[in-house]
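Residue numbers for the sequence shown follow the working numbering, so the first one is 75 and each next one is one higher.
Note that beta-carbon positions come from the ideal geometry of N, C-alpha and C, so glycine has one too.
Here is the structure we will look at, set down as structure tokens.
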Amino acid sequence: MTVRVGINGFGRIGRNFFRAVAASGADIEIVAVNDLTDNKTLAQLLKYDSILGRFPGEVTYDEKALYVDGKEIKAFEERDPANLPWGELGVDI
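This is how it looks when you write it as structure tokens:
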């Protein structure tokens, strides 16, 4: 069974978690991220990391989501995590 995850905060720790999941091959799906930074910057920071280097997959974005290797990851800019639609997205963790 795939575990569906939402990441609240896509700073260094959130991006490192994302990279770890992507590299692990585990049955984990990142369905959404929440961060106050715009999607263009989030995509750039995920793709190019000064410590971990370049992310091996394709990273693109639009106003509503990030796309990693063609898979949509909803992106939110919500200050209060209680207002995030985790339930509607089927987030487990």
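Tell me whether residue i is buried or exposed, calling it buried when 16 or more other Cβ atoms sit within 10 Å of its Cβ.
i: A106; result: buried
i: R89; result: buried
i: V77; result: exposed
i: D109; result: buried
i: I125; result: exposed
i: A117; result: buried
i: L120; result: buried
i: A149; result: buried
Measuring CB to CB, does residue i end up less than 9 Å from residue j?
i: D143; j: G131; result: yes
i: D166; j: V95; result: no
i: N82; j: P159; result: no
May I have the straight-line CA-CA distance separating residue i from residue j, to the nearest angstrom?
i: K114; j: Y135; result: 6 Å
i: Y15; j: F84; result: Outside the shown range of the chain, which is 75 to 167, sits residue 15, and nothing can be said about it.
i: G127; j: N157; result: 34 Å
i: A97; j: R86; result: 16 Å
i: I104; j: E152; result: 17 Å
i: E146; j: V133; result: 10 Å
Residue i CB to nearest chain C CB: under 9 Å?
i: G80; result: The structure shown contains no chain C; it holds only a single protein chain.
Of all the beta strand (DSSP E) runs that stay within the bounds of the region 91-120, which reach a length of 3 or more residues? Fully enclosed beta strand (DSSP E) runs of 3 or longer: 102-108.
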